[in-house]
Amino acid sequence: MSAIHNDERGTMNEERGGVASSFIVHRSSLDVQAVRANFPILKQQVRGKRLVYLDNAATTQKPQAVIDRIVRYYTQENSNVHRGVHYLSEVATAAYENARTTVKRFLNARDEKEIVFTRGTTEAINLVAQSYGRANVGEGDEVLITAIEHHSNIVPWQMLCREKGATLKVAPVNDAGEVIVEEFARLLNERTRIVAFGHASNALGTINPIERMIALAHDAGAVVVIDGAQGAPHATIDVQQLDCDFYAFSGHKVYGPTGIGVLYGKQSILEAMPPWQGGGDMILSVSFEKTTYNELPYKFEAGTPNIEGVVGLAAALDYVTSIGIDSITAHEQELLAYATRRLQEIDGLRIIGTAAQKASVISFTLAGVHPHDIGTILDQEGIAIRTGHHCAQPIMMRFNIPATGRASFGMYNTLEEADVLVDGLRKVIEVFR
Ligand SMILES: Cc1ncc(COP(=O)(O)O)c(C=O)c1O
328 MSAIHNDERG TMNEERGGVA SSFIVHRSSL DVQAVRANFP ILKQQVRGKR
378 LVYLDNAATT QKPQAVIDRI VRYYTQENSN VHRGVHYLSE VATAAYENAR
428 TTVKRFLNAR DEKEIVFTRG TTEAINLVAQ SYGRANVGEG DEVLITAIEH
478 HSNIVPWQML CREKGATLKV APVNDAGEVI VEEFARLLNE RTRIVAFGHA
528 SNALGTINPI ERMIALAHDA GAVVVIDGAQ GAPHATIDVQ QLDCDFYAFS
578 GHKVYGPTGI GVLYGKQSIL EAMPPWQGGG DMILSVSFEK TTYNELPYKF
628 EAGTPNIEGV VGLAAALDYV TSIGIDSITA HEQELLAYAT RRLQEIDGLR
678 IIGTAAQKAS VISFTLAGVH PHDIGTILDQ EGIAIRTGHH CAQPIMMRFN
728 IPATGRASFG MYNTLEEADV LVDGLRKVIE VFR
């Protein structure tokens with residue numbers, strides 16, 4: 328794998344502010360063809376056409392390094408972790424715990440104890456809602472989210488509020504799909520216990536000003552949960568600098584396996600939280616009278632974990648780090664700018680979500696064509712986009728639309744693929760003319 332990096336900062340960087348503001352844009356210097364060569368699935372033809380995979384916000388493809396790591400785990404290391412004295416169990420346990428260190432480094436957490444493995448972002452947020460939330464949110468309290476959240480960052484809080492007699496407040500967005508920070512600030516008060524928002528929106532691409540939002544929430548005395556499902560694949564994350572209390576992300580959106588994710592939590596907060604699920608591994612001792620819970624992070628990892636997923640995730644994070652998040656971000660921003668410009672050339676195409684700061688996600692509608700038909704016709708051209716509400720129905724309602732087509736770009740996409748998308752959309756228009 329070869330990827331030449333250029334650490335010189337591009338002009339956009341200055342506009343993006345300080346170092347803690349992730350998504351800092353450096354000048355693109357990614358050797359995309361070298362990157363593509365690492366992803367075997369991209370070599371295939373789909374419906375007789377070269378695959379153009381533009382559904383990266385849903386899930387990313389996996390590099391050979393991740394596939395090889397999982398194969399090596401099963402061919403040489405497979406065993407259950409933490410409770411064996413035999414050789415394979417020691418090897419598997421070391422691989423599992425080394426992966427935790429890799430994640431700690433990736434997020435710049437202080438300690439491995441702050442890294443809890445989960446099934447994904449959804450489970451991580453549910454863990455916070457069910458453990459921290461049930462212990463700390465009471466009748467009359469408030470939980471604040473934003474109008475642009477994924478269902479995974481809405482429903483767990485709705486369930487919590489319903490159970491506790493608390494109120495779910497929602498900060499609105501403007502017509503560009505940006506959270507109105509003044510309104511967000513106005514909704515914070517002494518009853519706000521938890522504030523939860525996405526790093527970036529999967530539906531519209533909007534990057535939230537999370538440093539500012541975290542500081543505002545902390546000023547109000549609330550804890551902050553960041554849904555990083557669309558942050559981790561595109562941005563340098565420094566949880567210490569961000570000072571968020573929780574940060575959740577999914578392995579499969581950052582070039583790793585499905586079924587594995589991470590909850591970062593500040594150690595002092597995790598220590599004080601009750602366990603969520605009970606079972607093996609999360610205990611120190613059990614009798615019928617009393618159970619003593621294990622220390623962090625095992626207190627939150629009940630049952631045999633997804634060992635294959637954990638080692639695969641570490642391989643994915645090592646891969647991403649070797650390419651360089653800054654190079655990936657720069658390349659994706661170039662794709663975003665180019666594809667946005669090209670799509671705007673199409674009559675009747677409306678981009679939904681025009682925030683000043685966006686991740687490489689473009690949601691759009693095409694006059695007179697249902698998004699589902701757009702997706703189906705593009706599929707005949709070998710182009711994979713997502714159509715629907717993107718698990719973010721409230722933001723679709725905000726824009727008075729049932730669904731959009733969504734093209735989302737990853738590190739291996741090319742400018743030429745954006746052109747193929749535009750040509751495909753012209754074919755869609757031909758069909759419906
Ligand atoms: C912003 C956002 N949050 C949460 C999720 C849920 O992630 P997962 O299904 O991996 O748990 C997604 C997935 O699309 C997402 O994009």
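Sequence positions in the sequence shown follow the working numbering and run 328 to 760. Using N, Cα and C, we set each Cβ at its ideal position, and we do this for glycine too.
Residues of its chain near residue i, where Cβ-Cβ distance is below 7 Å and the 5 sequence neighbours each way are ignored
i	result
Tyr620	Pro602, Met609, Ile610, Leu611 and Lys626
Gln391	Asn365 and Pro367
Val696	Val755 and Phe759
Asn463	Arg520
Glu598	Leu623
Gln457	Trp603
Arg518	Gly467, Asp468 and Glu469
Contacts around residue i, its chain only, beta-carbon distance under 6 Å, and the 5 residues preceding and following it disregarded
i	result
Ala745	Tyr665, Ala666 and Arg669
Tyr380	Ala711
Gly715	Ala730
Tyr574	Ile553, Gly555, Val566 and Tyr591
Val749	Arg669
Gly607	Gly630
Lys376	Glu708 and Gly709
Leu742	Tyr665
Val550	Ile521 and Asp572
Val747	Val379
Thr585	His579
His478	Cys718
Pro483	Ile452, Asn453 and Ala456
C-beta atoms of residue i and residue j nearer than 8 Å
i	j	result
Tyr739	Val359	yes
Gln388	Leu369	yes
Phe576	Ala562	no
Ile537	His545	no
Gly737	Leu531	no
Ala401	Val637	The sequence given here places Tyr at residue 401; Ala does not occur at that position. Cβ distance not < 8 Å, so Tyr401 and Val637 don't count as in contact.
Lys767	Gln594	Any question about residue 767 goes unanswered here, given that the chain covers just 328 to 760.
Gly504	Ala683	no
Val412	Leu644	no
Ser735	Asn383	yes
Thr445	Val581	no
Ile641	Asn435	The sequence given here has Ala at residue 641, not Ile. No, they are not a contact pair.
Ala694	Gly675	yes
Arg733	Ile689	yes
Gly548	Ile587	no
Asn529	Val506	no
Separation of residue j from residue i, as counted between CA atoms
i	j	result
Glu476	Ser614	42 Å
Ser406	Val470	42 Å
Ala284	Ile673	Only positions 328 to 760 of the chain appear in the structure, and residue 284 is not among them; the question remains open.
Met514	Arg539	Position check: residue 514 holds Leu in this sequence, whereas Met was assumed. Approximately 15 Å, taken between the alpha carbons.
Leu372	Asp706	For clarity, residue 372 is Gln in the given sequence; the question names Leu instead. Using only the alpha carbons, I get a separation of about 12 Å.
Ser654	Leu663	14 Å
Asp502	Ala474	12 Å
Val393	Val455	29 Å
Phe726	Ala719	12 Å
Asp700	Arg461	43 Å
Thr283	Ala385	Any answer about residue 283 is impossible in this case: the structure gives the chain only from 328 up to 760.
His409	Arg427	14 Å
Gly467	Arg489	11 Å
Tyr459	Phe524	16 Å
Ser348	Gln604	With a pLDDT of only 41 at Ser348, under the threshold of 50, the placement of this residue in the model should not be trusted, and no figure is reported.
Val500	Thr448	23 Å
Asn453	Pro698	31 Å
Lys617	Gln660	54 Å
Ser356	Ile650	10 Å
Gln568	Ile442	16 Å
Val398	Thr494	47 Å
Pro632	Glu509	42 Å
Phe691	Arg713	11 Å
Met723	Ile678	13 Å
Met486	Gly492	10 Å
Beta-carbon proximity list for residue i, same chain, < 8 Å, skipping 5 on both sides
i	result
Ala512	Leu543
Proximity test, residue i beta-carbon vs ligand 3 heavy atom, cut-off 7 Å
i	result
Val500	Looking at this structure, you won't find ligand 3 anywhere; what it does contain is ligand 1.
Please specify which runs of the alpha helix (DSSP H), each continuous and at least 4 residues long, are wholly inside the segment 437 to 480, giving them in chain order.
Here the runs fully enclosed are 448 to 454.
Residues whose Cβ lies closer than 5 Å to any heavy atom of ligand 1, in chain order
In chain order, the qualifying residues are Gly447, Thr448, Thr449, His477, Ser479, Gly525, Asn529, Asp554, Ala556, Gln557 and Ser577.
Which ranges does the alpha helix (DSSP H) cover as unbroken runs of at least 4 residues, wholly within the segment 363 to 421, from first to last along the chain?
For the segment 363 to 421, the full-length alpha helix (DSSP H) segments reaching 4 residues or more read 391 to 399 along the chain.
What are the uninterrupted segments assigned as alpha helix (DSSP H) that are 4 or more residues long and contained completely in the segment 720 to 746, given in chain order?
As far as the segment 720 to 746 is concerned, its whole alpha helix (DSSP H) runs of at least 4 residues are 720 to 725.
So within the segment 520 to 604, which uninterrupted beta strand (DSSP E) runs reach at least 3 residues, ignoring any that extend past its ends?
Listed in chain order, they are 550 to 554, 573 to 577 and 588 to 592.
Mind pulling the beta strand (DSSP E) runs of 3 or more residues that sit fully within the segment 644 to 704?
Qualifying beta strand (DSSP E) stretches, in chain order: 676 to 679 and 688 to 693.
Complete beta strand (DSSP E) runs within the segment 599 to 633 (minimum length 3 residues, chain order)
If only complete runs of 3 or more residues are kept, the segment 599 to 633 shows the beta strand (DSSP E) at 610 to 613 and 618 to 620, in order along the chain.
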